[in-house]
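Data block below; observations after.
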Amino acid sequence: MSDFATSIERLLTQVRHWEERRWSASAAAGTKADLAYRLVQQLADLGAEAERRAPRQVPRIHDLVLADQLRVVADDILAAEPAEELLARATAAVDDVRHRI
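Offset between the sequence shown (1-based) and our numbering: plus 43.
Here is the structure:
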């Protein structure tokens with residue numbers, strides 16, 4: 044298992060059971076949901092880079108689906124079999140959010 048896969052699993056284990064109240068709690072910049080959504084978008088952008096396609100805006104649906112969105116964009120990155128450098132950036136982004144959330 045790659046460092047990125049391990050990091051995303053740790054984050055998902057931490058947040059997948061959260062309810063709205065937990066997501067709406069204050070974090071470093073906005074709410075915990077805001078931090079997670081920014082990570083979703085950042086990982087989606089890295090996935091686009093790995094697939095050599097233009098980035099697209101990820102819809103902000105509902106806080107309770109953020110864990111699912113994280114899973115999808117993480118799986119997209121892993122499926123693209125990106126360079127180690129891109130995986131390192133993705134891992135750093137996940138670890139940063141995991142420690143701040």
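The beta carbon of each residue, even a glycine, is placed where N, CA and C say it ideally should be. Computed from a predicted structure; not experimentally measured.
Give me, in chain order, the residues of the same chain whose beta-carbon lies closer than 8 Å to that of L129; leave out the 5 immediate sequence neighbours on both sides. If you number the sequence shown from 1, residue 129 lands on position 86. Cβ within range, chain order: L89, E92, A93 and I120.
ask   = For A70, does the three-state DSSP call read helix, strand or coil?
value = Counting from 1 along the sequence shown, the entry for residue 70 is found at position 27. A70 falls in the strand class under three-state DSSP.
Requested in this report: Compare the C-alpha of T49 against each of E124, A117 and A123 and name the closest.
Outcome: On the sequence shown, position 6 is the one that residue 49 refers to. The shortest Cα separation from T49 among E124, A117 and A123 belongs to A117.
- Task: Please report how far the alpha carbon of A150 lies from the alpha carbon of V140, in whole angstroms.
- Result: Because the chain here runs from 44 to 144, residue 150 falls outside it and cannot be looked at.
**Message:** Here's the rule I'm using: 16 or more other beta-carbon atoms within 10 Å means buried, otherwise exposed. How should A68 be labelled?
**Reply:** Translated into positions along the sequence shown, residue 68 becomes position 25. That one is exposed.
Original post:
Whose C-alpha, out of T56, D46 and M44, is nearest the C-alpha of I144?
Top reply: Numbered from its first residue, the sequence shown carries residue 144 at position 101. Selected option, being the one with the closest Cα: T56.
**Report entry** CB of V101 within 7 Å of CB of A87, strictly
**Finding:** Here residue 101 refers to the residue found at position 58 when the sequence shown is read from its first residue. Here residue 87 refers to the residue found at position 44 when the sequence shown is read from its first residue. Contact flag set, yes.
DSSP three-state assignment for H124, whether helix, strand or coil: Counting from one through the sequence shown, the residue named residue 124 turns up at place 81. Residue 124 is actually Glu in this sequence, not His. Correct three-state label for E124: coil.
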